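Under full-length UniProt numbering, the letters of the sequence shown match residues 1 to 140, in that order. Some notes on the structure that comes next.
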Amino acid sequence: MKAFAKGIAKLISETQAEAEEAVVSMQKSSKEVESGITPVQSSGAFFEKISKSAQAVTNQIKATSSNSSDIFKNSQTIIQIVNELSHIANTYVDSSSNVETSMKEQEVYVQDIAELATSLSGLSQELQELIGEFKIQYRN
């Protein structure tokens, strides 16, 4: 279970790293596009179309960046949940170990009781024999 959780955590970490790289790249691209808008606007109607297209790309980049940020946040939540599951699994393993130890102790106690019962049975039989001898001797 721990290996599975660590594997998931590793995949999430890798995804987060890739998402962060994508965000940085998109932000850089966004800044480059925004810095190119001002000269384009001064060039007239033709460049106005280019400006609108660049703005649309910028909006898409911002939306993608926002989505990447949401993915990062969700990844953090998943990591937290996986860590909690790992903690629960560890607690379960510890509890199982405690139960196993208790069962072994009970088994030892049961064996001790069985041995005592056998010993008492033997003593009881000896006592019966002694009583039988006493009765026989008393009758004579």
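Just so you know, even glycine gets a beta-carbon here, dropped at the ideal spot from N, CA and C. Fair warning: this is a prediction, and the values are worked out from it, not measured in the lab.
* Flag this pair as touching only if the region 49-66 and the region 93-112 have three or more C-beta atom pairs under 8 Å; answer yes or no. => no
* To do: Would you kindly check if the distance between the Cβ of Gln76 and the Cβ of Gln16 is under 9 Å?
  => Within the sequence shown, residue 16 is the residue found at index 16, counting from 1. Within the sequence shown, residue 76 is the residue found at index 76, counting from 1. Yes; because the gap between Cβ atoms is below 9 Å, this pair is in contact.
* Output the residue ranges of the alpha helix (DSSP H) runs that lie fully inside the region 21-93 and measure 4 residues or longer, sorted by chain position. => none
* Asked: Below 8 Å, can you find three or more Cβ-Cβ pairs linking the region 52-63 to the region 20-30?
  -> yes
* Status (buried if at least 16 other CB within 10 Å, exposed otherwise) for Ile61 -> Position 61 of the sequence shown, counted from the first residue, corresponds to residue 61. That one is buried.
* Asked: Which whole-angstrom value is the C-beta distance of Ile71 and Ala19, which I expect to be below 8 Å?
  -> Sequence index remark: in the sequence shown, residue 71 carries index 71 (1-based). Sequence index remark: in the sequence shown, residue 19 carries index 19 (1-based). 5 Å between Cβ atoms; contact.
* Could you check how far apart the C-beta atoms of Val108 and Ser69 are, in whole angstroms? I think they sit under 8 Å. => As a first step, residue 108 is located in the sequence shown; it is residue number 108 there, counting from the start. As a first step, residue 69 is located in the sequence shown; it is residue number 69 there, counting from the start. In fact, because the Cβ distance is near 59 Å, the residues do not count as touching under 8 Å.
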